[in-house]
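Number of protein chains: 2
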Amino acid sequence: MSVGRPSSAKARRARIPEPTVARLPQYRRLLEAMDDRRIATVSSVELADAAGVNAATLRRDLSCLGTCGTPGTGYDVPRLREMVDRALALGRDWPVVIAGAGYLGHALARSRGFNSGGFRVAALVDIDPAQVGTVVAGAVVVHLDELDDVVRRERVALGVVATPASAAAEVVRRLATAGVGAVLNFAPGFVAAPPGVTVRNVDLAAELQVLTFYAARSVPSPTDGAGAPGRALG
Amino acid sequence: MSVGRPSSAKARRARIPEPTVARLPQYRRLLEAMDDRRIATVSSVELADAAGVNAATLRRDLSCLGTCGTPGTGYDVPRLREMVDRALALGRDWPVVIAGAGYLGHALARSRGFNSGGFRVAALVDIDPAQVGTVVAGAVVVHLDELDDVVRRERVALGVVATPASAAAEVVRRLATAGVGAVLNFAPGFVAAPPGVTVRNVDLAAELQVLTFYAARSVPSPTDGAGAPGRALG
DNA sequence: GCATGTGAACACATTCACAGCA
DNA sequence: TGCTGTGAATGTGTTCACATGC
């Protein structure tokens, strides 16, 4: 704890806790909106309130990025925005392949979040002959057997699984074989990660069930004066 | 620590930690699959391995439900399944209203997870005249102005927001006013919860960005022999 | 013998509170 | 004075390890 540049060098390659990583996209969006409105500076309290987190938590989150806010002033919005982008490895080109051209696949392919900030849907893959050859939001639907070609040609590093549950494990395996390094799986059920591949499971039905849990705890007990505090989760 | 039935009464109304609640749907699905295959008993190690969690964690999770596994044998699958269902307040009827009949709204309305286990899409609401009056997977699309009627008539307790971000806050407000007690918000950005309402924000674009963070940490460093362990997140 | 359920240890994240600096 | 960045305290979840009971 002595040598080198004081702040940046210290935190440059420090491990970032998972909860912090999960909050970064939220900060990013707020900073983007502020930047668009030409807001030059923001304090930790302002940003934290907008994000719905504690100000100390926000400051600690940002300190992981090796940021330099200015005491007495706050954070420089464009600069902070750039640092968050860098931490999330955004800004560079991230071609995505979506496996499964059903309703969810279509919805994701058309969503802004999958077509901005460096993300770009390079292609969708499916096995349904009725889908193969069609174009969704500028991206072609190709047959699953062409997956390797697409991944190699477009240098795809990210895969999204929007197939039925029964196909998910096999599709993840094929994505991994094709060279995709990270997969976002929307199919229900736990899919184990092949070696060297990061798999993130997002289960929309599970989210609904978790919500139910909290709803059931507040709804059937209308006896609490002001009611449950109505905290926002997630 | 003495009176009453030893296990169940003690844990019956204990607070369940949020991470535990988030894992319950996963256990539920596995138990359902085992039950269908007529598997009568399961040990904590087996179930934990299938779910990708530590066995001690699983046992502690289940102990929150006031369960009784049998030492030397394991857990009774049908019985445990029922207890998880009860904890999640499933089994009863949960009518859902989906706000936003775009691609995501359609995908959710058609998904199995939103139409089983007690969940039922009572209606979709939108303001697009081209959508209003159409039927999606057996559910009608009605105008946003009819929200109050639908919620009252169908006793809707759960709302799902699948609108553009710009409309999300207002739609959550209207859902709350209509009497919906819990909302699952898929629109990007933090939506504060009105008093007495639980709001759970699920940001699909953020999931992709989080994935990128981990992908970037493993991809550009192909120097680690066996590579990153490829842990499954989420 | 074998698997549950849980006290105790540990690891981690959040929050407070304040030193230090603009 | 105002706000950042962080040591220290707190709170929470995970994991170990074993007593207990089938």
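Listed in order, the protein sequences are those of chains G and H. Numbered per this note's numbering, the first sequence spans residues 1 to 234. Numbered per this note's numbering, the second sequence spans residues 1001 to 1234. Glycine included, every Cβ here is placed at the ideal spot set by N, Cα and C. Source: prediction; values computed, not measured.
Problem set entry | DSSP state of V1160(H) mapped onto helix, strand, coil | In the structure shown, V1160(H) sits in a strand (DSSP, three-state: E or B).
Exercise. Just checking my contact of L158(G) with V180(G) at CB under 8 Å: how many whole Å lie between their CB atoms?
Worked result: 7 Å between Cβ atoms; contact.
Problem set entry | Beta carbon proximity, V121(G) to chain H, threshold 7 Å | No, because no Cβ of chain H sits closer than 7 Å to the Cβ of V121(G).
Exercise. How about I16(G) and V77(G): do their beta carbons lie closer than 7 Å?
Worked result: It is not a contact, given that the beta carbons lie outside the stated cut-off.
Problem set entry | Where T1057(H) sits in the DSSP three-state scheme | T1057(H): helix per DSSP, three-state reduction.
Exercise. What did DSSP end up calling P19(G) once you bin it into helix, strand or coil?
Worked result: Here P19(G) sits in helix by DSSP.
Problem set entry | Distance, D61(G) Cα to L80(G) Cα | Pairing L80(G) with D61(G), the inter-Cα distance amounts to about 12 Å.
Exercise. Since V1202(H) and F1186(H) are thought to touch, with beta carbons under 8 Å apart, how far apart are those beta carbons, to the nearest angstrom?
Worked result: Contact holds; Cβ gap of about 6 Å.
Exercise. Near R1029(H), which residues of its chain fall below 8 Å by C-beta distance, leaving aside the five closest residues on each side in sequence?
Worked result: Residues of the same chain with their beta carbon placed closer than 8 Å to that of R1029(H) are lacking, with the five preceding and five following residues left out of the count.
Exercise. Thinking C-beta only, is V151(G) closer than 7 Å to H143(G)?
Worked result: At the C-beta level, H143(G) and V151(G) stay beyond 7 Å of one another.
Exercise. Taking the alpha-carbon positions, what's the R1059(H) to V1141(H) distance?
Worked result: Pairing R1059(H) with V1141(H), the inter-Cα distance amounts to about 44 Å.
For this session: Give a yes or no on whether the C-beta atoms belonging to Y1235(H) and V1042(H) are separated by under 7 Å.
Result: Here chain H comprises residues numbered 1001 to 1234, so residue 1235(H) is not present and cannot be evaluated.
Problem set entry | Contacting residues, own chain, Cβ-Cβ under 6 Å from P1006(H) (five flanking each side not counted) | Below a pLDDT of 50, predicted positions are generally treated as unreliable, and P1006(H), at 34, falls in that range; the measurement from the model is reported next regardless. No residues qualify anywhere along the chain.
For this session: For E18(G), count neighbouring C-beta atoms within 10 Å of its own C-beta (all shown protein chains included) and say buried if the count is 16 or more, exposed if not.
Result: The residue in question, E18(G), is exposed, as its Cβ has fewer than 16 Cβ neighbours within 10 Å.
Problem set entry | DSSP state of L184(G) mapped onto helix, strand, coil | Annotated three-state conformation of L184(G) is strand, per DSSP.
Problem set entry | Which listed residue (E1154(H), V1156(H), F1190(H)) has its alpha carbon closest to that of E1170(H) | Taking only the C-alpha atoms, the option nearest E1170(H) is F1190(H).
Problem set entry | Buried versus exposed, by CB contacts within 10 Å (16 or more), P1252(H) | This structure does not reach residue 1252(H), given that chain H is present from 1001 up to 1234, and the question cannot be answered.
Problem set entry | Endpoints, the alpha helix (DSSP H) within which A1050(H) is located | First-last of the alpha helix (DSSP H) with A1050(H): 1044-1051.
Problem set entry | Exposure label - D1145(H); buried when at least 16 CB within 10 Å | When all chains shown are included, D1145(H) counts as exposed.
Exercise. Under the DSSP definition of a beta bridge, which residues are partnered with N1201(H)?
Worked result: BP columns for N1201(H) point to N1185(H).
For this session: At 7 Å on the CB atoms, spell out the chain G contacts of T1020(H), in chain order.
Result: Residues of chain G passing the Cβ test: none, with the nearest at roughly 10 Å.
For this session: Taking a Cβ distance cut-off of 8 Å, strictly less, list which residues of the region 34-55 of chain G are near chain H, in chain order.
Result: Going along the region 34-55 of chain G in chain order, one finds A50, A51, G52 with a Cβ nearer than 8 Å to chain H.
For this session: Helix, strand or coil for P1095(H), going by three-state DSSP, please let me know.
Result: Note: P1095(H) maps to strand in three-state DSSP.
Exercise. Distance, Cα to Cα, A48(G) vs R200(G)?
Worked result: So the two alpha carbons sit approximately 26 Å from each other.
Problem set entry | Residues bridged to R1120(H) [DSSP beta-bridge criterion] | Beta-bridge pairing by DSSP links R1120(H) to P1095(H).
Exercise. Should D1128(H) be labelled buried (16 or more other beta-carbon atoms within 10 Å of its own) or exposed?
Worked result: Exposed is the call here.
For this session: From the DSSP output, in three-state form, read off D1126(H) for me.
Result: Of the three classes helix, strand and coil, the one that applies to D1126(H) here is strand, per DSSP.
For this session: Name the two residues that bound the continuous beta strand (DSSP E) containing V141(G).
Result: DSSP places V141(G) inside the beta strand (DSSP E), whose first and last residues are 139-143.
Problem set entry | Straight-line Cα distance separating V53(G) from G1091(H) | Going from the Cα of G1091(H) to the Cα of V53(G) covers about 34 Å.
For this session: Quick one: list the residues of chain G neighbouring D1149(H), beta-carbon separation under 8 Å, in chain order.
Result: Contact annotation for D1149(H) against chain G: no contact, minimum CB-CB distance about 20 Å [criterion: below 8 Å].
Exercise. Which residues, taken in chain order from the region 1130-1161 of chain H, show a beta carbon closer than 7 Å to some beta carbon of chain G?
Worked result: Contact annotation: in the region 1130-1161 of chain H, residues whose CB is within less than 7 Å of a CB in chain G are A1157, L1158.
Problem set entry | Same chain, Cβ closer than 7 Å to P1188(H), five either side skipped, listed in chain order | So the list reads A1165, D1203, A1205, once near-sequence residues are dropped.
For this session: Check each candidate in V156(G), D85(G), G118(G), T163(G) and name the one with the smallest Cα separation from L65(G).
Result: If we check each option's Cα against that of L65(G), D85(G) comes out closest.
Exercise. What span of residues does the alpha helix (DSSP H) with V1191(H) cover, start to end?
Worked result: Taken as a continuous stretch (DSSP letters only), V1191(H) belongs to no alpha helix (DSSP H), as it is neither H nor E.
For this session: Alpha carbon to alpha carbon, how far is A1101(H) from L1175(H)? Give it in angstroms, no decimals.
Result: The alpha-carbon atoms of L1175(H) and A1101(H) are separated by roughly 15 Å.
For this session: Kindly indicate which three-state DSSP category T73(G) falls into: helix, strand or coil?
Result: Residue state, collapsed to three classes: coil.
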